[in-house]
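K.L.:
Here UniProt numbering is used: the first sequence runs in plain steps of one and ends on residue 225.
C-beta: ideal position from N, C-alpha, C; glycine also.
Take this structure, written in structure tokens, and hold onto it; I'll ask about it next.
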Amino acid sequence: MDVIPMRSSSLELTISVPGFTSSPSLPSSAGEGVCGVRDLDINQVPLGAEEEWTTGSMEDEEESGNGGPPRKKLRLSKDQSRLLEESFRQNHTLNPKQKEALAMQLKLRPRQVEVWFQNRRARSKLKQTEMECEYLKRWFGSLTEQNRRLQREVEELRAMKVAPPTVISPHSCEPLPASTLTMCPRCERVTTTSLGKDPTNRTTSPTLSSKLPTALHSRHSSAAC
DNA sequence: GTAACATCTTGACTTACGTCA
DNA sequence: GGTGACGTAAGTCAAGATGTT
1 MDVIPMRSSS LELTISVPGF TSSPSLPSSA GEGVCGVRDL DINQVPLGAE EEWTTGSMED
61 EEESGNGGPP RKKLRLSKDQ SRLLEESFRQ NHTLNPKQKE ALAMQLKLRP RQVEVWFQNR
121 RARSKLKQTE MECEYLKRWF GSLTEQNRRL QREVEELRAM KVAPPTVISP HSCEPLPAST
181 LTMCPRCERV TTTSLGKDPT NRTTSPTLSS KLPTALHSRH SSAAC
């Protein structure tokens, strides 16, 4: 799965993706996976990719509104951003004391720290949602494809069942009596009943089961199959 | 090289809503 | 239960940075 390119941003995001490993960075707020999935960390801050900043910190720009000249937009310095990011990593919200202390340390107004955290939370969530959406689209596509393949397989097996009395075992490549084949009424998979010929007794389609999210698969396979 | 425009990032604001004393 | 203070999320605006032609 590739990642939406992000310029000059170090938003900290994780997305739950089955089968992907990740670094256990922080408590991911959104989208705890449904089925034993893991968090994919997309927030590797590119080493040395910190760009220079246009302006330094603003000590305290008094009252930007109310008829005065249009406010100059503050750009946080590299250090200020880093410190804010570190704080955010530890805590996604600040209590008034922490806010005050951080503002003091950064030489910013508490309000600015507060706004920064608000925006940071909002934009993390947005990116997270976008990535989850992207991932689900891909997953949907892949499931659709698998579904198509399996339906084709079912059609073939149905045709085999009505026509010839025997089939070839996919495992031993020997002729197999059709009577040894049974179809699961729930998933429509064809399985071979154990006659000693086929020790694995596997379904004819192991591909999907290995790719399904574990929770979904175990829920199904535990009962009828 | 640079000007003009498009797009992206991000600091700040407004509004609505929930919680708590 | 009504009320005000407070905090947060969501939506938005706009300055400034960056990319493209």
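Helix, strand or coil: how does DSSP classify residue 144 here?
P.N.:
Here residue 144 sits in helix by DSSP.
K.L.:
Within the same chain, show all residues whose beta-carbon is closer than 8 Å to that of residue 94, passing over the 5 residues directly before and after it, in chain order.
P.N.:
Closer than 8 Å at the Cβ level, and outside the excluded window around residue 94, lie 87, 102, 113, 114, 117.
K.L.:
So residue 110 packs on residue 99, CB below 8 Å; how close in whole Å?
P.N.:
With a Cβ gap of about 5 Å, residue 110 and residue 99 count as contacting.
K.L.:
Check each candidate in 81, 135, 161 and name the one with the smallest Cα separation from residue 119.
P.N.:
Cα-wise, what sits closest to residue 119 is 81.
K.L.:
Classify residue 207: buried if its beta carbon has 16 or more other beta carbons within 10 angstroms, exposed otherwise.
P.N.:
Annotation note: pLDDT 33 at residue 207 (below 50); position unreliable, coordinate value reported separately. By the 10 Å Cβ count, residue 207 comes out exposed.
K.L.:
Span of the alpha helix (DSSP H) holding residue 107?
P.N.:
Run containing residue 107: none; DSSP gives neither H nor E here.
K.L.:
Taking the alpha carbon of residue 104 as the point to measure from, which residue in 92, 91, 83 has its own alpha carbon closest?
P.N.:
Taking only the C-alpha atoms, the option nearest residue 104 is 83.
K.L.:
Pull up the CB-CB distance for residue 123 and residue 92, whole angstroms please, since I reckon it's below 8 Å.
P.N.:
Contact flag wrong, Cβ pair sits at about 12 Å.
K.L.:
What would DSSP say about residue 95, mapped onto helix, strand or coil?
P.N.:
Looking at residue 95 - three-state DSSP - the assignment turns out to be coil, as it is neither helix nor strand.
K.L.:
Can you look up residue 159 in the DSSP assignment and give me helix, strand or coil?
P.N.:
Three-state result, residue 159: helix.
K.L.:
Around the Cβ of residue 90, are there at least 16 other Cβ atoms within 10 angstroms (buried) or fewer (exposed)?
P.N.:
With fewer than 16 Cβ atoms within 10 Å of its Cβ, residue 90 is classed as exposed.
K.L.:
Under the three-state reduction of DSSP, which class applies to residue 150: helix, strand or coil?
P.N.:
Three-state DSSP puts residue 150 in a helix.
K.L.:
So what does DSSP say about residue 73, is it helix, strand or coil?
P.N.:
Looking at residue 73 - three-state DSSP - the assignment turns out to be coil, as it is neither helix nor strand.
K.L.:
Report all residues from its chain with a CB closer than 7 Å to the CB of residue 144; omit the five preceding and five following residues, and keep chain order.
P.N.:
Here the set comprises nothing.
K.L.:
If you count every other CB in all the chains shown that lies within 10 Å of the CB of residue 106, and 16 or more means buried, which is it?
P.N.:
Label assigned to residue 106: buried.
K.L.:
Out of curiosity, what's the CA-to-CA distance linking residue 135 and residue 128?
P.N.:
In a straight line, the C-alpha of residue 135 is about 10 Å away from that of residue 128.
K.L.:
For residue 126, is the classification buried or exposed, using 16 other Cβ atoms within 10 angstroms of its Cβ as the cut-off for buried?
P.N.:
Residue 126 should be labelled exposed.
K.L.:
Measuring straight from C-alpha to C-alpha, what distance separates residue 142 and residue 150?
P.N.:
Approximately 12 Å between the Cα atoms of the pair.
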